[in-house]
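As structure tokens, the structure follows; a few thoughts come after it.
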Amino acid sequence: MCAPEDSAPACDSAATNESKQKEETEAHSDISTSINKSPDMSIHAKKNGDVREEKSHGGQSGKPFTVEELEEIRKNCSYLKINETESDEYSIELYFHFKEFKLLRKKDETVKSLINRLILNMKKSDRKRKKRPSKKYSQSVEQPTGNDSTIDKEEGPPNDIRFLDKENNPVDENSLLINVADKLSYILINQHRVEVFNGPYDLKQIYVSMDVYSGHPIIPVNAPMKDLHSYVHYWTYAHDKKILSHDLFYKPRKEDTNKRLQLVIYNKNNPFFFYVTNEMEVLSNEFEEELKRKGERYLHFEKVLKTDDPSSDNVIRILTYNILAPIYTNTKYALEYMFKNIDPCYLKTNYRSHLLIHDISYDYDIICLQEVSEHLHSNLFSVYLHDEFYSSYKPKNSYGNDGCSLFVNKKKFALIEYKNYEFNQVVKLPELKDVYDAFIQSGNDLEEIIREIKTVFQVGIYTHRSSTNVFLVANTHFYFHSLASHIRALQSYSLLHILETLKRVYEQKCGKTVYVVLNGDFNTNFESEVFSFLEGKDIESDSNLWINSKLFKKEYDDLNKYPTLFDLAKNGPNKEQIVGPHLDRKKFLPLYSAYKKGDIAYTNWNNNFIDVLDYIFLSPGLKVRRVLKGIDKGIFDKYKGVLSPINPSDHISIAAEVEM
């Protein structure tokens, strides 16, 4: 068998009243108890919007704290928090005596320097307060926290500040912040003891980058997904703060159209750590009818098996989708030629995001995406699929602007490991030397060309939970050039070598059946020799495919010259005999395409080019129950391509439901 990878809140307190602190801490150990003087509260907070009771993290009557209540909590609490910045500094925020102090300090600064700066800033604040008209307070204000203490609002500026560690020992003021920042537990300000929070999650980094439409979920960026259970979150109307939903991925209703929304999020244990996002307007969708026509393809592909049906464990739903990387939408050629029939506003990622999420939301167990930027992987897909899917990203280059994303359902599969490969390295393996040498000799500059091709092979290895069989799930995007079928043949051979090797390793290691699912944009059609090779047919050394070794010119890989790709043609019969390597398909595991010719008319269409380029290849032991149908070409006629206000890519997604 293979083994799957599977203090009291901030407050002001006098250092001399330790016994009183202890009694009050025991009496008010829960934050909502100390704030509301109510021993047991509940909160509505669940991803799907249903009600779930939690203990002691809300306001009155079991409701979550309102924005006004959160602001009051923060105003009446004292604490200091320290966060690292990307510029080798510490961001320091001190809330004390109803005032807020923010500083940026160098990591190599001493503790003494920080203390002096705090004293200086607090004295400045006090001088400003004294210049304003005096307001007399008739009583002191009780600090509503676990270690309650009474502080007079008219107390003067500090003349003594010290830091303490967890054992209440004074921190050496000559120490550098970088050496002691993680040891700072309390700060004493005129003997008032304030808790220090080191590295709390910065909720202020949360934002929404996508355009918001009714009927489509909102995906917040930079939410604390790994620790979301520690937070309360809800969506409100901006104008009246009416709570709409506790679903993090709220799907606005039609009645929300033209209204402005905000996300409110706060820490359950320390609700003074809260944030309210900027307002966002729910937009009306003028293409709703066209979207419905596009959605007809899903009518016969809806999930029919119930999750409690035992047979559903052996049914696997697979999606592959080239989503069009943002980097390829903003070039001069993209705007003036490829996508000239569509308003540039629909090419922007913030518009396309809601459509991308829609296309992956049909109960898939395996999702393979190509042309994914690292930003979209991390801040859109991984966020939306976080709870239920394993996630992996393999970029094609160090810039992270194009790569492959792989997501697999945690309920059906357990992750064993990931294996990622680069084509230009795999092809040089000793086992492939004879094939590679014969390939290099078939044309000019081929070694240099191969070195520059950044194709990646992404592989995830999983145990199928109910059967304990092993699945190799592979994802790739073959080289795109129209005269590069010889390169795609070599890529196919290299990828099958990897899969065959991994299959043998896991058959021996696990003693279980090993299934292969190979997804991707193969930039090859049903009639090509590359497609036939993947399904089981050899490529002979005298194949016409190798003629491309002479015709292909690497400079055409420049996207600025991309218009010539579809115009290039072989200039008559080539009298020179080109001999390439013999690619023996029988050496590798068998595969077949889930889609047959006739199942779908096209998967890629822009301007004059339209063809099937995307496939799902399967081990023979996986039987196809049904495939996702194509889309009526007439829907896209006016755009002369599928990239449009209703489809976010120049490809359409394809999917198959298979069964062991």
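Under full-length UniProt numbering, the first residue of the sequence shown carries the number 1, and numbering increases by one thereafter. Every residue gets a Cβ at the ideal spot worked out from N, C-alpha and C, and that includes glycine.
Run through DSSP, which three-state label would residue i get?
| i | result |
| --- | --- |
| ILE635 | helix |
| THR603 | coil |
| ASP227 | helix |
| ILE151 | In this prediction, ILE151 has a pLDDT of 42, which is less than 50 and means its spatial position is unreliable; nothing more can be read from the coordinates. |
| SER541 | coil |
| TYR90 | strand |
| ILE461 | strand |
| LEU565 | Below a pLDDT of 50, predicted positions are generally treated as unreliable, and LEU565, at 39, falls in that range; the measurement from the model is reported next regardless. Here LEU565 sits in helix by DSSP. |
| GLN370 | strand |
| GLU84 | strand |
| SER593 | strand |
| ASN36 | Model confidence at ASN36 stands at a pLDDT of 35, short of 50, so the residue's coordinates are unreliable and nothing is read from them. |
| ILE43 | With a pLDDT of 31 at ILE43, under the threshold of 50, the modelled position of that residue is not reliable, and the figure given next carries that caveat. It is coil, neither helix nor strand. |
| SER206 | Correcting the residue identity first, residue 206 is Ile in this sequence and not Ser. DSSP places ILE206 in coil when its eight states are reduced to three. |
| MET660 | coil |
| ILE487 | helix |
| ARG253 | coil |
| HIS233 | strand |
| GLU507 | helix |
| GLY572 | The predicted position of GLY572 is uncertain, since its pLDDT is 46 and thus under 50; a value taken from the coordinates is nonetheless stated next. Of the three classes helix, strand and coil, the one that applies to GLY572 here is coil, per DSSP. |
| GLU497 | Residue identity differs from the one stated: residue 497 is His in this sequence, not Glu. Helix. |
| ASP584 | coil |
My assumption, with CB atoms under 8 Å, is that residue i sits in contact with residue j. Please give the rounded CB distance.
| i | j | result |
| --- | --- | --- |
| THR476 | VAL470 | Between VAL470 and THR476 the Cβ distance is about 20 Å, and since that is not below 8 Å, they are no contact. |
| ILE461 | TYR506 | 7 Å |
| residue 666 | PRO224 | Beyond the ends of the chain as shown, which are 1 and 660, falls residue 666; an answer cannot be given. |
| GLY580 | SER532 | Between SER532 and GLY580 the Cβ distance is about 16 Å, and since that is not below 8 Å, they are no contact. |
| TYR213 | ASN285 | 5 Å |
| GLY621 | THR513 | 7 Å |
| SER175 | THR110 | 7 Å |
| LYS633 | PHE526 | No, LYS633 and PHE526 are not in contact; Cβ-Cβ is about 17 Å, not under 8 Å. |
| ILE316 | ASP247 | Between ASP247 and ILE316 the Cβ distance is about 27 Å, and since that is not below 8 Å, they are no contact. |
| PHE339 | THR329 | 7 Å |
| residue 664 | LEU177 | Nothing can be reported for residue 664: it is not among the residues displayed for the chain, which extend from 1 to 660. |
| LYS629 | HIS300 | 7 Å |
| LEU228 | PHE273 | The pair is not a contact, with the Cβ atoms about 14 Å apart (cut-off 8 Å). |
| TYR234 | VAL264 | 6 Å |
| ALA489 | ILE539 | 6 Å |
Rounded to a whole number of angstroms, what is the C-alpha to C-alpha distance between residue i and residue j?
| i | j | result |
| --- | --- | --- |
| LEU103 | PHE65 | 28 Å |
| LEU432 | PHE588 | 13 Å |
| HIS481 | ILE453 | 11 Å |
| ARG352 | ASN647 | 8 Å |
| PHE183 | VAL426 | Note that residue 183 is Lys in the sequence shown, not Phe. C-alpha separation (whole angstroms): 48 Å. |
| CYS404 | PRO645 | 24 Å |
| PHE413 | VAL459 | 14 Å |
| SER593 | ASP521 | 13 Å |
| TYR390 | LYS411 | 10 Å |
| TYR333 | GLU388 | 39 Å |
| HIS386 | LEU613 | 29 Å |
| residue 691 | TYR384 | Since the first residue of the chain shown is 1 and the last is 660, residue 691 is not available in this structure. |
| GLN577 | LYS419 | 39 Å |
| SER230 | GLU659 | 39 Å |
| ASN523 | ASP650 | 13 Å |
| TRP546 | HIS582 | 10 Å |
| LYS294 | ILE487 | 35 Å |
| THR331 | TYR337 | 10 Å |
| ASN168 | ILE189 | 14 Å |
| GLU72 | GLY215 | 35 Å |
| LYS640 | PRO395 | 30 Å |
| ILE219 | HIS497 | 39 Å |
| ALA655 | LEU369 | 12 Å |
| PRO170 | LEU80 | 17 Å |
Which stretch, first to last residue, makes up the alpha helix (DSSP H) that contains residue i?
| i | result |
| --- | --- |
| HIS358 | 349-359 |
| ARG465 | Neither: ARG465 is in no alpha helix (DSSP H) and is coded neither H nor E. |
| ASN174 | Taken as a continuous stretch (DSSP letters only), ASN174 belongs to no alpha helix (DSSP H), as it is neither H nor E. |
| LYS525 | A small fix is needed here, since residue 525 is Asn in this sequence, not Lys. Per DSSP, ASN525 belongs to no alpha helix (DSSP H) and is neither H nor E. |
| GLU72 | 67-75 |
With residue i as the anchor, note down where its beta strand (DSSP E) starts and where it stops.
| i | result |
| --- | --- |
| VAL111 | Segment 111-131 is the alpha helix (DSSP H) holding VAL111; no beta strand (DSSP E) there. |
| PHE163 | 161-164 |
| ASN475 | 470-477 |
| ARG626 | 623-627 |
| ASP101 | Contrary to the premise, residue 101 reads as Phe rather than Asp in this sequence. PHE101 -> beta strand (DSSP E) spans 99-106. |
| SER532 | Run containing SER532: none in the beta strand (DSSP E); it sits in the alpha helix (DSSP H), 529-535. |
Quiz item: What runs of the beta strand (DSSP E), each 3 residues or longer, lie entirely inside the region 262-342?
Solution: 274-276, 280-283 and 315-322
Quiz item: Can you list, in chain order, the stretches of the alpha helix (DSSP H) that have 4 or more residues and sit fully within the region 380-452?
Solution: Listed in chain order, the complete alpha helix (DSSP H) runs (minimum 4 residues) inside the region 380-452 are 423-426, 433-440 and 446-452.
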